[in-house]
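Residue numbers (the UniProt record's numbering): 1 to 749.
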């Protein structure tokens with residue numbers, strides 16, 4: 001394609017998009033658009049941000065407390081690998097509730113303060129909202145418009161610039177014409193509004209209220225019948241900014257009070273939220289400067305082309321983060337790191353949405369979100385001024401994640417073959433996530449629980465709590481009765497310390513620190529992949545640096561906060577996974593055989609509990625369930641100290657509960673009884689340890705220079721094992737060799 005043809009094609013597309021997006025409108029055209037969608041055009045910043053969250057939808061996700069609503073705006077795809085927020089659904093719902101409170105109040109009257117340890121995703125949550133706003137503002141339903149003033153050239157206007165009649169318009173009394181669509185050559189001056197004033201502010205407040213209420217009522221909105229829409233104070237009572245008001249007044253005086261002639265100078269422009277260009281969203285870093293100011297523009301010699309009627313009018317142009325963020329969201333990153341005097345204006349602004357400047361008062365419409373770590377917040381609470389701020393701040397706690405699979409999502413998104421320059425071996429990010437979460441867990445407080453379960457709670461080890469939160473799994477050492485009791489306490493244990501200043505998730509390793517450890521592990525010269533073993537080595541090294549990482553100084557309490565021991569705990573978890581994957585890849589026993597054995601056993605138990613006979617598959621006769629066969633299975637799968645009768649009844653009760661929750665689903669025994677299947681696998685492989693050792697040695701030989709020592713049949717078996725490990729679990733030959741070699745040394749030596 002020729003360059004000219006290409007540019008013409010692109011130009012045609014840009015022009016079509018410009019028209020399609022209704023980028024420039026006259027005031028009359030905007031009013032037509034408003035009447036068609038009054039709700040969309042009558043939103044304040046809180047209503048808009050709430051609609052952003054609603055636009056992407058929600059889903060129910062598993063949670064230690066049951067299920068919880070997750071807003072998909074926090075999953076929005078991004079070129080930034082940090083774009084997605086893993087977990088933190090509680091915070092998402094808290095933000096949505098607070099926005100709902102602002103909507104119901106009709107005004108944004110508080111600052112939202114996200115507080116938590118460093119690296120707990122406070123900024124990531126806000127960035128996801130900003131990104132959602134950017135994308136939503138480009139959608140038809142998310143269109144935002146602002147006001148601008150245009151003044152035609154003398155060539156088109158009789159008399160003074162910007163005042164008088166357009167030739168040939170036949171401007172009789174009451175006729176509305178517009179200068180909004182004049183091309184650049186026909187304009188002497190265009191003055192946009194820095195505050196992005198809402199176009200409806202061109203309608204006098206007394207008339208605007210009737211206009212808004214009438215248009216909304218016509219659409220069945222705001223009357224509580226079809227949809228509850230609360231008109232905000234900003235739209236109902238807001239006024240033009242100081243500069244626009246003076247332009248409006250000067251035009252009205254020039255035209256002798258002819259309002260329709262003033263509106264000819266109004267141009268309505270669509271704008272798009274942008275983080276990069278600070279349009280509708282701004283992040284204020286903890287610097288010392290003030291967040292808003294004004295500069296006079298009418299005395300600037302470059303503005304000598306102002307219309308004659310404006311020459312005697314003093315115009316000021318506001319600027320600064322507060323101005324750029326108007327009609328959107330402003331984020332105060334690490335707000336409490338700033339001197340108190342630098343943000344004391346928030347006392348009034350958060351309540352009245354007004355900021356006094358020297359020449360005038362700014363009236364703003366923006367959601368205020370700040371962040372702070374716990375140390376600075378604790379210090380702030382000790383200041384006398386905190387009492388004044390307390391009623392104007394909504395505190396939202398953002399702890400570290402306490403579920404390792406959710407934590408792993410952070411690393412899986414950012415630690416990739418592209419980012420580290422080599423293959424990422426299975427479980428490399430998983431072991432890092434497990435260790436990170438273990439460092440954050442606190443020992444349960446038995447005195448908070450009923451006397452009959454105090455000993456049970458007191459004995460929960462860190463790794464057991466880890467799996468209780470993640471999978472809802474109880475320790476295999478417990479009887480079925482104690483297992484049920486512990487699972488009932490899962491939600492209470494998860495929420496145990498929420499009211500405490502030193503809550504669970506306040507301290508521990510941050511995701512930032514773990515990512516650094518992962519990147520360091522990727523540079524380990526002993527491994528061709530980013531291997532889990534390299535990660536474990538890096539975590540061991542991290543534990544020695546107590547002068548840098550404050551959480552390493554915590555006192556060990558019944559196994560909790562023992563960070564060096566956690567490395568060994570995670571290593572054991574890693575060995576369990578590798579052992580299971582290698583066994584499965586060898587295909588000595590299929591999963592179907594385990595399932596068939598469990599199904600037959602449960603069928604026998606079901607008849608035994610009901611006191612019924614069952615049909616013998618061989619003879620076809622009805623007979624009592626085979627006690628010997630059931631006892632043989634129970635010797636493998638039943639916890640020690642459990643009575644067979646209690647164990648059997650517990651199984652049937654679990655099946656009944658699963659059926660109530662899944663009336664139409666197929667009975668998925670591996671999911672209902674994961675511990676039973678694990679014990680069966682472990683028992684089978686313990687009995688065949690010699691065969692396993694031999695097979696694993698063959699794999700190592702195949703991956704070394706001794707491959708020729710293996711027979712053709714053995715080589716074929718090894719190839720099948722490696723193929724399954726690659727396809728099912730993601731191993732390459734290098735990381736498979738390292739994993740199996742480590743496993744052999746630790747468990748099969």
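Note that beta-carbon positions come from the ideal geometry of N, C-alpha and C, so glycine has one too.
Sort the options by Cα distance to residue i and report the nearest one.
{"i": "residue 455", "options": "683, 430 and 485", "result": "485"}
{"i": "residue 97", "options": "110, 87, 144 and 550", "result": "110"}
{"i": "residue 76", "options": "118, 62, 116 and 125", "result": "125"}
{"i": "residue 48", "options": "699, 100, 348 and 83", "result": "100"}
{"i": "residue 497", "options": "446, 526 and 512", "result": "446"}
{"i": "residue 568", "options": "553, 592 and 536", "result": "536"}
{"i": "residue 216", "options": "141, 538 and 34", "result": "34"}
{"i": "residue 415", "options": "645, 461, 501 and 514", "result": "514"}
{"i": "residue 121", "options": "610, 427, 478 and 397", "result": "397"}
{"i": "residue 245", "options": "360, 369, 540 and 389", "result": "360"}
{"i": "residue 318", "options": "105, 357 and 501", "result": "357"}
{"i": "residue 599", "options": "40, 187, 635 and 651", "result": "651"}
{"i": "residue 628", "options": "57, 608, 620 and 612", "result": "608"}
{"i": "residue 622", "options": "631, 634, 630 and 604", "result": "604"}
Does the beta-carbon distance from residue i to residue j come in below 9 Å?
{"i": "residue 595", "j": "residue 674", "result": "no"}
{"i": "residue 353", "j": "residue 334", "result": "no"}
{"i": "residue 775", "j": "residue 468", "result": "Here the chain has residues from 1 to 749 only, and residue 775 is not among them."}
{"i": "residue 324", "j": "residue 391", "result": "no"}
{"i": "residue 751", "j": "residue 271", "result": "There is no way to answer for residue 751, as the model of the chain reaches only from 1 to 749."}
{"i": "residue 639", "j": "residue 472", "result": "no"}
{"i": "residue 434", "j": "residue 556", "result": "no"}
{"i": "residue 420", "j": "residue 519", "result": "yes"}
{"i": "residue 692", "j": "residue 737", "result": "no"}
{"i": "residue 755", "j": "residue 575", "result": "What is shown of the chain runs 1 to 749, which leaves residue 755 out entirely."}
{"i": "residue 190", "j": "residue 200", "result": "no"}
{"i": "residue 284", "j": "residue 331", "result": "yes"}
{"i": "residue 53", "j": "residue 85", "result": "no"}
{"i": "residue 637", "j": "residue 667", "result": "no"}
{"i": "residue 150", "j": "residue 182", "result": "yes"}
{"i": "residue 402", "j": "residue 440", "result": "yes"}
{"i": "residue 720", "j": "residue 587", "result": "yes"}
{"i": "residue 316", "j": "residue 243", "result": "yes"}
DSSP puts residue i in a beta bridge; with which residues?
{"i": "residue 66", "result": "63"}
{"i": "residue 676", "result": "For residue 676, which the question treats as bridged, DSSP gives no partner whatsoever."}
{"i": "residue 721", "result": "Beta-bridge pairing links residue 721 to no other residue."}
{"i": "residue 247", "result": "According to DSSP, residue 247 bridges with nothing at all."}
{"i": "residue 151", "result": "189"}
{"i": "residue 370", "result": "113 and 332"}
{"i": "residue 394", "result": "112"}
{"i": "residue 557", "result": "560"}
Helix, strand or coil for residue i? Go by DSSP, reduced to three states.
{"i": "residue 385", "result": "coil"}
{"i": "residue 283", "result": "strand"}
{"i": "residue 34", "result": "helix"}
{"i": "residue 161", "result": "Since pLDDT at residue 161 reaches only 41, below the 50 mark, its modelled position is unreliable, and the value read off the structure follows with that caveat. Coil, per DSSP."}
{"i": "residue 26", "result": "strand"}
{"i": "residue 115", "result": "strand"}
{"i": "residue 445", "result": "coil"}
{"i": "residue 71", "result": "strand"}
{"i": "residue 414", "result": "helix"}
{"i": "residue 3", "result": "helix"}
{"i": "residue 171", "result": "Confidence is the limiting factor: at residue 171 the pLDDT is only 43, short of 50, which leaves the residue's position unreliable, though a coordinate-based value still follows. Residue 171 falls in the coil class under three-state DSSP."}
{"i": "residue 140", "result": "helix"}
{"i": "residue 496", "result": "coil"}
{"i": "residue 188", "result": "strand"}
{"i": "residue 570", "result": "helix"}
{"i": "residue 176", "result": "Its pLDDT being 49, under 50, residue 176 is placed unreliably by the model, and nothing is read from it."}
{"i": "residue 737", "result": "helix"}
{"i": "residue 262", "result": "helix"}
{"i": "residue 615", "result": "strand"}
{"i": "residue 361", "result": "strand"}
{"i": "residue 745", "result": "helix"}
Below 8 Å on the Cβ atoms is my guess for residue i versus residue j; work out the distance and round it to an integer in Å.
{"i": "residue 374", "j": "residue 116", "result": "7 Å"}
{"i": "residue 509", "j": "residue 431", "result": "Rounded, the Cβ-Cβ distance is 13 Å, inconsistent with contact."}
{"i": "residue 269", "j": "residue 178", "result": "About 13 Å separates the two Cβ atoms, so there is no contact after all."}
{"i": "residue 399", "j": "residue 506", "result": "6 Å"}
{"i": "residue 336", "j": "residue 380", "result": "5 Å"}
Please find out if some non-hydrogen atom of the ligand ATP comes closer than 8 Å to the beta-carbon of residue i.
{"i": "residue 517", "result": "Questions concerning the ligand ATP fall outside what the structure shown contains, since it holds no ligand whatsoever."}
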